[in-house]
Amino acid sequence: MNANTFAAVDDYISQLFQHDDDVLQSVEQSIREHDMPEHSISPNQGKFLQLMAGLVNAKNILEIGSLGGYSTICLGRVLPEDGKLISLEANPHFAKVARLNIQNAGLSHKVNIITGPALDELNRLNDDKSFLFDFVFIDADKPNYSNYLKAVVPLTRKGGLIIADNVVREGKVLNPNSSDEKVKGVREFNKVLASNRHLSSTIIQDVGRKGYDGMALAQVIS
Ligand code: DHB
Ligand code: MG
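In this text, residue positions in the sequence shown follow my numbering: the first is 73, and each later residue adds one.
Below, the structure written as structure tokens:
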């Protein structure tokens, strides 16, 4: 088994279950055209998030890191008519591209892309606390992952789900002496996650079109 097999099976799955479509492909196209990082989740990962959000009957969703809006669109599509998704994006250029893609997906009425440092907005949401989120997806700058986690736990309802992308990083997460800021960031995140008594958590390794990585899953239990 090698990376080509994993990628080919990933494509086999997304074709068999038709997890890809023109709108999602146009998001990928816009990302290439604007020289943005090609770090969107894959079609199968998008479906995985949709299933997880559906399982917790997600009506209020929070996303940290919009990039071009790929996962935003996947999650926006499973919201009920009165559902809302807030997506935080630090880069104003990315936020602009994401808004256009959200509009193209017909989801502008449910999705609010907020531009600016995510921690600022998370602090505002924690001050306000007028509602809690059912589902949170963290997929932004890795060095801040543990800060994002600490900020989102009190914003997530009991029974709600927090998912974080890229917590395995081709196995580099095994290295306690890594000088890679992203690896250091996710190692700290994983440690904080594992020690949080309010959460029931694990990490799922993930192979396919996007290489070898993993997603952390955490349910708020108390
Ligand atoms: C990186 C970030 C991502 O969100 C991702 O899915 C893959 C890689 C990165 O910054 O290296
Ligand atoms: Mg990612």
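From the three backbone atoms N, C-alpha and C, an ideal C-beta is built for every residue, glycine too.
- The criterion of a C-beta distance shorter than 8 Å is satisfied by G286 and V239.
- DSSP places M108 in the coil class of the three-state scheme, outside both helix and strand.
- Assigned with DSSP and collapsed to three states, R241 falls in helix.
- Per the coordinates, the alpha-carbon of V258 lies some 24 Å from the alpha-carbon of R196.
- Annotated three-state conformation of M124 is helix, per DSSP.
- Given a length threshold of 4 residues, each whole run of the alpha helix (DSSP H) inside the stretch 216–284 is given here in chain order: 217–224, 253–267.
- Beyond the five residues adjoining it in sequence on each side, A75 comes within less than 8 Å, by CB distance, of V279, G283, Y284 in the same chain, given in chain order.
- Taking non-hydrogen atoms of the ligand MG into account, the C-beta of I276 is found less than 7 Å away from none of them.
- Only exposed fits R269, as fewer than 16 other CB atoms lie within 10 angstroms of its CB.
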